[in-house]
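Novice:
Protein chains: 2
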Amino acid sequence: MGNADLVYPSENEGISHRVEIPPPQPFIKTFQYSLKETFFPDDPLRQFKNQPASRKFILGLQYFLPFLEWAPRYTLQFFKADLIAGITIASLAIPQGISYAKLANLPPILGLYSSFVPPLVYAMMGSSRDLAVGTVAVASLLTASMLGNEVNAAENPSLYLHLAFTATFFAGVFEAALGLLRLGFIVDFLSHATIVGFMAGAATVVCLQQLKGILGLDHFTHGTDVVSVMRSVFSQTHEWRWESGVLGCGFLFFLLITRHFSKKRPRFFWISAMAPLTSVILGSLLVYLTHAEKHGVQVIGNLKKGLNPLSITDLVLVPPHLTTAIKTGIVTGVIALAEGIAVGRSFSMFKNYHIDGNKEMIAFGTMNIVGSFTSCYLTTGPFSRSAVNYNAGCKTAVSNIVMAIAVMFTLLFLTPLFHYTPLVVLSAIIISAMLGLIDYEAAMHLWKVDKFDFVVCMSAYVSVVFGSVEIGLVLAVAISLLRVLLFVARPRTFILGNLPNSNVYRNVEQYQKASSVPGVLILEIDAPIYFANSNYLRERITRWIDDEEDRIKSSGETTLQYVILDMTAVGNIDTSGISMMDEVKKIIERRGLQLVLVNPGGEVMKKLNKSDLIEKIGQQWIYLTVAEAVGACNFMLQTCKPNPAKDESTGTWNNV
Amino acid sequence: MGNADLVYPSENEGISHRVEIPPPQPFIKTFQYSLKETFFPDDPLRQFKNQPASRKFILGLQYFLPFLEWAPRYTLQFFKADLIAGITIASLAIPQGISYAKLANLPPILGLYSSFVPPLVYAMMGSSRDLAVGTVAVASLLTASMLGNEVNAAENPSLYLHLAFTATFFAGVFEAALGLLRLGFIVDFLSHATIVGFMAGAATVVCLQQLKGILGLDHFTHGTDVVSVMRSVFSQTHEWRWESGVLGCGFLFFLLITRHFSKKRPRFFWISAMAPLTSVILGSLLVYLTHAEKHGVQVIGNLKKGLNPLSITDLVLVPPHLTTAIKTGIVTGVIALAEGIAVGRSFSMFKNYHIDGNKEMIAFGTMNIVGSFTSCYLTTGPFSRSAVNYNAGCKTAVSNIVMAIAVMFTLLFLTPLFHYTPLVVLSAIIISAMLGLIDYEAAMHLWKVDKFDFVVCMSAYVSVVFGSVEIGLVLAVAISLLRVLLFVARPRTFILGNLPNSNVYRNVEQYQKASSVPGVLILEIDAPIYFANSNYLRERITRWIDDEEDRIKSSGETTLQYVILDMTAVGNIDTSGISMMDEVKKIIERRGLQLVLVNPGGEVMKKLNKSDLIEKIGQQWIYLTVAEAVGACNFMLQTCKPNPAKDESTGTWNNV
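Here the protein sequences line up with chains A and B, keeping their order.
Its first residue numbered 73, the first sequence is counted upward by one per residue in our numbering.
Its first residue numbered 73, the second sequence is counted upward by one per residue in our numbering.
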């Protein structure tokens with residue numbers, strides 16, 4: 073034990089405690105614990121504990137069909153609220169559905185189909201009370217761009233349509249699988265910054281695409297990037313239709329004004345909610361009365377009457393298009409999921425109820441699988457529609473059922489009314505919805521708070537706008553992950569100093585008043601010690617010691633004798649890290665210094681112990697607090713002569 | 073400020089300090105600092121500081137040509153040591169070079185060429201004194217398997233050869249670029265565990281491949297996995313040659329015995345170092361005398377006399393094979409680099425001198441670029457040869473020059489002697505070298521210390537043996553990265569308790585004696601709060617509170633009033649993390665509890681401040697130490713009534 077009997081008598085801390093090695097656990101137990109923390113952090117089986125079997129069965133049923141939980145307690149008062157909310161969102165869903173279906177290069181009627189079946193499924197299975205189900209612009213655009221690379225929607229509309237159903241099917245399967253396998257945390261890797269940038273980029277791209285409708289152009293690029301869109305627009309200036317342009321700008325102005333008004337006075341939320349339907353009605357009337365469809369204003373044309381036809385036999389489950397369908401499904405599915413989960417979570421925060429992310433994924437997945445069998449394409453919980461639902465005072469998912477019934481009524485009886493609806497109105501509706509997604513305030517906030525997040529956000533934006541939606545997504549996720557890896561690969565290390573008149577030691581950069589202890593260098597390592605950073609940490613610690621010795625040499629203070637490593641923030645260590653610690657110990661000792669460890673955590677102590685490094689370092693050089701370690705060092709400095717092993721020669725040649 | 077005047081008078085800590093926000097830094101300065109830490113952690117420009125321009129120039133030259141540093145001080149004594157070491161490694165290099173070239177499906181003479189030019193280049197540029205340059209088995213195998221997928225070496229040997237030069241060229245360019253761009257840390261992502269598993273797997277595969285030579289088979293699979301090799305061996309049992317088998321097993325036995333002996337008595341290292349050359353000489357004599365080449369024992373045949381021919385004009389820099397060459401170059405280059413850097417670093421640790429990883433990469437890169445111009449294929453610093461060099465007492469890189477001269481002599485005069493060398497001896501040499509790479513003790517150590525590293529190691533091994541070398545590499549790196557991501561995605565959270573008779577608070581799992589404080593829940597978060605874990609942490613903190621309230625309910629203690637989050641180990645926070653903290657605050661307050669933060673680091677304080685979260689939480693609820701925070705909470709608990717906002721109802725319906 074050598075110096076063990078020279079243990080410093082702790083003054084300030086009462087009884088001196090040793091750093092303990094946590095009691096050994098059987099491997100299977102720690103493994104189970106890790107599995108549980110990884111896949112069941114929310115402890116979903118909590119309420120099943122200590123319940124009789126029958127109760128467990130009911131709870132299990134309620135887990136997958138949450139409506140069983142609230143339906144028995146449903147009241148007439150709730151229904152009144154849900155009825156109003158449902159009708160409000162239906163008036164938004166009908167024009168938006170038609171618009172977004174056009175955006176996805178799908179028949180407009182699909183937008184209505186998709187607002188009928190999926191909301192019914194969600195009402196049974198979803199656990200959010202505020203989410204309104206429907207199609208979304210970004211996923212529609214992604215569908216168009218990804219499937220469009222494989223099949224031309226104009227040349228082969230039926231194959232394109234079938235591929236869209238297939239992609240929806242796989243999106244549903246993927247979503248449900250994520251939920252069932254409890255892998256919902258994959259969605260967490262789309263950080264807030266990524267989503268802000270990505271959504272703004274996608275919205276910009278979608279708005280630019282609407283120039284086709286606003287200017288009444290027949291031919292347009294299939295590319296989504298700003299360069300090809302602009303080239304497409306300005307290469308055919310002679311084709312621009314002023315009638316179309318005037319109509320579009322007029323309606324856009326109307327929509328933006330109402331939106332602005334409703335934003336200022338939230339009580340009048342219904343004004344902006346009704347505006348799209350009003351525009352559609354006004355636009356259709358205008359065209360019908362002026363016969364503008366004969367003067368260059370394109371209209372929707374015939375919409376088939378009747379409910380969703382079955383499409384289960386249309387799924388394309390054979391090569392060569394299968395891969396594209398699966399890819400499209402996974403990408404659009406995860407994007408849709410991210411939006412839906414975020415929306416559900418936000419509103420549950422407002423109203424203080426709990427949303428289970430994995431359960432929601434199963435609901436979204438089932439809704440899309442059923443949807444793909446009944447001529448629907450990808451649906452999720454769009455933010456705008458859910459916000460209207462919330463503002464309209466919805467109480468439960470019944471508002472989705474009301475909306476579905478309203479859409480059913482439209483499908484059965486009202487489709488002919490959309491014959492004269494000008495496409496330019498749909499473009500105006502899309503632009504007005506998309507402008508709300510460009511959240512420049514959020515981007516400013518990112519810049520203010522966290523520059524790296526801003527970089528992530530801007531790279532997502534720029535690469536969506538100038539590259540493609542997929543590139544933007546991949547790049548933003550990659551940069552976000554790079555940040556996590558960089559945090560581990562280049563952990564911060566700090567010098568700690570003593571705060572005056574206390575036994576607290578803190579980072580000298582943060583606490584200007586903290587002062588260093590003569591003869592002792594105290595370093596804090598701020599990350600787990602892993603293979604990815606063990607080489608860096610070795611070099612960095614060496615450099616801290618070099619710097620400190622240089623400083624001491626120039627100032628003529630006491631020579632350095634002790635290096636204290638505060639391991640409080642080192643959450644874990646792997647075998648590369650263990651080797652690194654061993655090397656650092658050797659490097660420090662070769663310079664005639666003594667390594668002292670402070671407060672290694674349970675995992676770290678366990679591994680230091682198993683690899684016999686505790687014995688090498690010496691149990692007596694591991695302290696519970698920095699204050700104790702410094703006390704011991706000072707005690708040694710005062711009672712003992714300087715360490716005789718101290719070797720001042722630093723030439724590179726002396727060991728040859 | 074509300075409760076601010078009720079600040080707890082700190083008893084134990086002397087003057088009470090506040091958590092400080094680090095002084096604001098201009099963005100450009102923090103950015104520069106981050107860049108420096110990321111790319112120049114070893115501060116290579118340190119010695120250039122405050123030097124006159126002429127000295128800077130010399131230092132710069134010495135940086136790229138380290139021999140300028142030691143050459144002036146070179147003595148005759150050093151030379152004697154280097155001469156012995158050089159001749160020893162040459163006797164190992166010649167048979168190994170020929171063997172590994174056969175393994176790469178290249179003409180055997182390339183093995184000799186590759187032991188001539190690259191060592192000379194390394195002697196000028198390398199900073200290791202112990203590294204012996206040469207080809208390695210794993211990279212040779214990888215070259216054979218990756219190029220073999222594109223071009224059949226037997227059918228089109230000249231194209232195959234040219235592609236090997238091209239791959240070597242790109243490996244060199246890639247290595248030098250990593251060094252010049254200071255991206256050497258990419259090599260760190262090959263963790264120790266990955267390398268142990270990967271090397272053992274590759275060694276197994278290489279050994280199995282040698283069954284071809286040992287059994288004297290003419291036809292053999294191109295696959296490297298155990299299944300196709302075994303099928304290939306046992307489908308042609310009638311082709312097995314007993315003469316070849318007996319010879320092979322005999323020599324293998326001889327090589328293993330000498331290796332075992334030298335391992336036991338390190339003084340006799342030269343016995344195992346000389347054994348391969350002895351085997352070659354004995355084998356050749358035996359074949360020459362018995363004319364065994366006519367009885368099914370395959371021999372090397374003619375080797376061209378003369379030094380390396382130029383191959384710069386043979387590089388294939390046009391499609392369609394360019395991509396394969398680049399891919400092969402990068403993969404083999406990074407593997408070779410990892411081995412070379414690790415070897416250089418290990419020996420520099422023994423002898424206590426410094427190795428600059430990035431500088432070494434430039435040396436390796438240049439050596440391979442020059443090599444690719446002069447008919448060499450990929451070289452690095454193999455462990456076995458460097459260990460022999462070290463044991464033989466080498467002093468400087470001059471031992472590499474001696475080896476190169478010995479090889480040159482062989483090339484000029486001795487190649488005809490290898491005509492009768494039986495291939496089976498080469499196989500025995502390879503097997504005996506490879507068995508040393510299967511480090512089962514290291515694997516056992518991994519199992520003992522770190523189960524996750526063991527999993528990484530075994531997946532690398534299994535996927536190399538049953539899949540392919542590339543798959544194994546990618547998988548092992550992916551699993552290692554997954555671990556880093558999991559660490560961040562699922563950080564540990566602990567309950568802290570008070571150690572008896574002290575004001576130290578530690579994890580109750582590690583310290584069995586630590587006791588909880590009534591009415592206060594103290595949690596420690598053990599990782600940065602990032603997008604990848606913010607949802608998890610919110611759920612996990614909620615669950616800790618649930619568990620604590622359940623426990624209190626059943627035990628009838630004081631109700632929970634305060635939740636203290638110890639942020640000491642939270643190194644950083646991003647905007648998603650900030651939102652999470654905001655949500656956690658709301659959740660905690662909605663339950664009628666008070667959130668208290670302890671010791672947020674500099675980065676965290678900066679961002680909490682910029683996002684105005686400090687004000688929302690209240691400056692008075694942020695303490696420097698857990699002890700102070702607990703003291704303040706106890707003070708409040710004793711002086712104030714329980715928080716009136718406390719709301720015990722937990723039904724899910726009450727807010728509808």
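Think of the CB as a built atom: it goes at the ideal place given N, C-alpha and C, for glycine as much as any other residue.
What is the rounded straight-line gap between the Cα of B/Val698 and the Cα of A/Val479?
Specialist: Computed Cα separation, rounded: 58 angstroms.
Novice: Looking at the structure shown, is A/Gly723 part of a helix, part of a strand, or coil, going by DSSP?
Specialist: Only weak support exists for where A/Gly723 lies, its pLDDT of 37 falling under 50; the value from the coordinates is given anyway. Three-state result, A/Gly723: coil.
Novice: Could you tell me how far apart the beta carbons of A/Cys529 and A/Ala265 are, in whole angstroms, since I believe they sit closer than 8 angstroms?
Specialist: Yes, they are in contact, since the Cβ atoms of A/Cys529 and A/Ala265 sit about 4 angstroms apart, within 8 angstroms.
Novice: Quick one: is A/Ala226 buried, meaning 16 or more other Cβ sit within 10 Å of its Cβ, or exposed?
Specialist: By the neighbour-count rule (16 or more Cβ atoms within 10 Å), A/Ala226 is not buried but exposed.
Novice: Can you tell which of A/Leu289, A/Lys688, A/Ser447 and A/Gly453 has its C-alpha closest to the C-alpha of A/Leu409?
Specialist: Checking every option, the nearest Cα to that of A/Leu409 belongs to A/Gly453.
Novice: Output needed for B/Met639: all residues of its chain with C-beta closer than 8 angstroms, excluding positions within five of it in sequence on either side, in chain order.
Specialist: Correct list, in chain order: Ile597, Leu669, Val670, Asn671, Pro672, Gly673 and Val676.
Novice: What does B/Val299 pair with, by DSSP beta-bridge criteria?
Specialist: DSSP output for B/Val299 lists no bridge partner at all.
Novice: When the cut-off is 9 angstroms and only beta carbons count, does A/Pro95 lie next to chain B?
Specialist: Chain B contact via Cβ: present.
Novice: Residues of the region 525-550 of chain A in Cβ contact with chain B at a cutoff of 8 angstroms, in chain order, please.
Specialist: Cβ contacts with chain B: Asp525.
Novice: Mind checking if B/Ile343 is an interface residue toward chain A, Cβ cutoff 9 angstroms exclusive?
Specialist: No, its Cβ sits nowhere closer than 9 angstroms to a Cβ of chain A.
Novice: Just curious, the beta strand (DSSP E) that A/Val668 is in, first and last residue?
Specialist: Its beta strand (DSSP E) spans residues Gln666 to Val670.
Novice: Use the C-beta contact count for B/Glu629: other C-beta atoms within 10 angstroms, 16 or more gives buried, fewer gives exposed.
Specialist: With fewer than 16 other Cβ atoms within 10 Å, it is exposed.
Novice: Give the list of continuous alpha helix (DSSP H) stretches no shorter than 4 residues that lie fully inside the region 153-225 of chain B.
Specialist: Fully enclosed alpha helix (DSSP H) runs of 4 or longer: 181-185, 189-197 and 209-220.
Novice: Verify the CB distance criterion: does B/Val702 have a CB-CB separation below 9 angstroms to chain A?
Specialist: Not one chain A Cβ lies under 9 angstroms of B/Val702.
Novice: Measure the CB-CB distance between B/Gly198 and B/Tyr533 and report whether it falls below 9 angstroms.
Specialist: No, the Cβ-Cβ distance between B/Gly198 and B/Tyr533 is not below 9 angstroms.
Novice: With 9 angstroms set as the bound, which would you pick, yes or no: does the beta-carbon of B/Ala599 sit closer than that to a beta-carbon of chain A?
Specialist: Closer than 9 angstroms: yes.
Novice: So A/Phe99 contacts chain B; which residues on that side make the cut at Cβ distance below 8 angstroms?
Specialist: By Cβ distance, chain B contributes Lys523.
Novice: Using a Cβ-Cβ distance cut-off of 9 angstroms, determine whether A/Pro113 contacts chain B.
Specialist: By this cut-off, A/Pro113 is an interface position.
Novice: Does any CB atom of chain B fall closer than 9 angstroms to the CB of A/Ile510?
Specialist: False, the Cβ-Cβ gap to chain B never drops below 9 angstroms.
Novice: For B/Gly322, name the three-state secondary structure that DSSP assigns.
Specialist: It is helical.
Novice: Taking the C-alpha atoms as reference points, what is the distance between B/Met790 and B/Glu700?
Specialist: An answer regarding residue 790 of chain B cannot be provided, because it is not within the stretch 73 to 728 covered by chain B.
Novice: In the DSSP output, which residue or residues are listed as bridge partners for A/Arg578?
Specialist: A/Arg578 pairs with A/Gly569.
Novice: According to DSSP, simplified to helix, strand and coil, what is B/Ile427?
Specialist: In this structure, B/Ile427 counts as coil in the three-state DSSP scheme.
Novice: Using the beta-carbon of each residue, which ones in chain B are nearer than 9 angstroms to A/Met421?
Specialist: Within chain B, the residues near A/Met421 are Glu655, Lys658 and Ile659.
Novice: If I measure Cβ to Cβ from A/Gln119 and keep anything under 8 angstroms in the same chain, skipping five residues before and after, which residues do I get?
Specialist: Cβ neighbours of A/Gln119 beyond the five flanking positions: Leu131.
Novice: Do B/Ser351 and B/Tyr492 come within 9 angstroms of each other at the CB atom, strictly closer than that value?
Specialist: No, the pair does not count as a contact, with Cβ atoms beyond the cut-off.
Novice: When the Cα atoms are used, what is the spatial distance from A/Asp260 to A/Ala515?
Specialist: Roughly 19 angstroms between the two C-alpha positions.
Novice: Any idea what DSSP makes of A/Asp522, helix, strand or coil?
Specialist: Reduced to three states, the DSSP call for A/Asp522 is coil.
Novice: Could you round the C-beta distance between A/Ala397 and A/Phe246 to whole angstroms and report it? I think they count as a contact, below 8 angstroms.
Specialist: Not quite, the Cβ-Cβ distance comes to about 12 angstroms (not below 8 angstroms), so this is no contact.
Novice: In this structure, does DSSP put A/Thr395 in helix, strand or coil?
Specialist: It is helical.
Novice: Closer than 7 angstroms by beta-carbon distance: list the chain B residues that pair up with A/Ile650, in chain order.
Specialist: The answer, in chain order, is Val521.
Novice: In the DSSP output, what is A/Leu593 paired with across the bridge?
Specialist: Partner(s): A/Val635.
Novice: Can you tell me whether B/Pro229 is helix, strand or coil according to DSSP?
Specialist: B/Pro229: helix per DSSP, three-state reduction.
Novice: Whole angstroms is fine: what's the gap from A/Gly86's alpha carbon to A/Ile613's?
Specialist: For A/Gly86, the predicted structure reports a pLDDT of 48, less than 50, and the residue's modelled location is therefore unreliable. A value from the coordinates is still provided. Distance between the alpha carbons of A/Gly86 and A/Ile613: 32 angstroms.
Novice: Check whether chain B comes within 9 angstroms of A/Asn671, counting only Cβ atoms and requiring the distance to be less than that.
Specialist: With 9 angstroms as the cut-off, A/Asn671 counts as an interface residue toward chain B.
Novice: Out of B/Ser606, B/Ile601, B/Phe111 and B/Tyr360, which one is the CA nearest neighbour of B/Ala641?
Specialist: Answer by Cα proximity: B/Ile601.
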